[in-house]
Each structure stands twice: as structure tokens, then as C-alpha cells.
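**Student:** Mind having a look at this structure? Questions to follow.
Here it is as C-alpha cells:
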């Protein structure tokens, strides 16, 4: 893989790039255009991608622990089995994204738009989903232990883990 560890790629246009297996630890890619890029098995630990366009990006099995993706566009991105422990996704657009079996332990998803997003089997323990839009989201078999869902929005299309009571967790239904 390519080694971009610590690189600064602010505003870069890297559409359809293959960064599979790349080392991007600690890099800065704020405002970068990375639509349709592949980050399969890449290491983005501690990277900063504030406001980046990552529409349709593939992060399968990528490591994003401690990454900052505030306000990023992750529409239809694939995070299957990715590691996102402590990642900041506050204000990000996750519409239609796939987080199947991803690890989002203690991640910040405050005010994200997760409409029609799939979190099937994801570990979201201790995650902060306050005021998140979860309309149509699929959280089947997700681990929401001690997750903060206060003020999150859902609808009758939202799928919850068995025996989970969203109203007791502070979810607002519209």
C-alpha cells in the first residue's frame, strides 16, 4: 500500500482513487473530493477529513480509529467491518451508508443524517447519537449498550435490536 502518513491533501481531487491498503495515519484531507475512492484495508487512524466528499467510498475493513469526519459527505459509503472507535462523525451525512459489523465504540454521531443507513450487527456501545436522524435506519443486532440516543429522530421504518426500547432511550418518533 501507499504511505501517506501525516500527509496534507486539503481540497485534493482524488475521485475514484484506489487507496486500498494505504497508510493514511494522521493525514489531513479536509474538503478533499474522494467520491468513489477505495480505502479497503487502509489505515486512517487519527486522520482529519472534515467536510470531505466521500460519496460511494469503500472503507471495508479500514481502520479509522480516532478519525475526524465532521460534516463529511459519506452518502452510500461502505464501512463493512471497519474500525471506527472514537471517530468523530458529528454533522456528517451518512444517508444510505453501510456499517455492517463495523466497530463504532464511543464514536460521536451527534446530529448525523443516517437516513436509510444500515448498522446491522455494528458495535455502537458508548456511541453518542444525540439528535441523530435515524429515520429508516436499520440497527438490527447492533450493540447500543450505554449509547446516548437522547433526542435522536426515528420513524416506523427504523429497525431496532431485539428487546431494545428506543423511547426509553430518549428517541423521538415522527
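Numbering (the working numbering), first residue to last: 1 to 174. The beta carbon of each residue, even a glycine, is placed where N, CA and C say it ideally should be.
Would you check if the distance between the CB atom of residue 132 and the CB atom of residue 99 is smaller than 9 angstroms?
**Tutor:** no
**Student:** Please name the residue or residues paired with residue 18 in a DSSP beta bridge.
**Tutor:** 38
**Student:** Quick check: the Cα distance between residue 113 and residue 92, rounded to an integer number of angstroms?
**Tutor:** In this structure, the alpha-carbon of residue 113 lies about 6 angstroms from that of residue 92.
**Student:** Can you tell me whether residue 127 is buried or exposed? The criterion is at least 16 other CB atoms within 10 Å of its CB, across all chains shown.
**Tutor:** A residue is called buried once 16 or more other Cβ atoms fall within 10 Å of its Cβ, and residue 127 is buried on that count.
**Student:** Take the Cβ of residue 78 as the centre, count every other Cβ of all protein chains shown within 10 Å, and call the residue buried at 16 or more, exposed below.
**Tutor:** buried
**Student:** Among the candidates 165, 58, 10, whose CA atom is the shortest distance from the CA of residue 18?
**Tutor:** 58
**Student:** Can you tell me whether residue 60 sits near the ligand COA, meaning its C-beta is under 8 angstroms from at least one heavy atom of the ligand?
**Tutor:** The ligand COA is not part of this structure, which contains no ligands at all.
**Student:** Report yes if the C-beta distance between residue 71 and residue 46 is below 9 angstroms; otherwise report no.
**Tutor:** no
**Student:** By Cβ distance, which residues of its chain are closer than 6 angstroms to residue 115, with the 5 residues on each side in sequence left out?
**Tutor:** 95, 133, 135, 136
**Student:** In its own chain, which residues sit with a C-beta less than 8 angstroms from the C-beta of residue 41, not counting the 5 before and 5 after it?
**Tutor:** 1, 20, 21, 60, 61, 62
**Student:** Between residue 84 and residue 102, is the Cβ-Cβ spacing less than 9 angstroms?
**Tutor:** yes
**Student:** Output yes if chain B places a C-beta closer than 9 angstroms to the C-beta of residue 97; else output no.
**Tutor:** Of the protein chains in the structure, only one exists, and it is not chain B.
**Student:** By DSSP, does residue 73 sit in helix, in strand, or in coil?
**Tutor:** Residue state for residue 73 is assigned as strand, using DSSP reduced to three classes.
**Student:** What does the Cβ neighbour count give for residue 168, buried or exposed, with the cut at 16 atoms within 10 Å?
**Tutor:** exposed
**Student:** Here's the rule: buried if 16 or more other CB atoms are within 10 angstroms of the residue's CB, otherwise exposed. What is residue 165?
**Tutor:** exposed
**Student:** Just to check my reading of the structure: residue 49 and residue 29 have Cβ atoms closer than 8 angstroms, yes? What is that Cβ distance to the nearest angstrom?
**Tutor:** 5 angstroms
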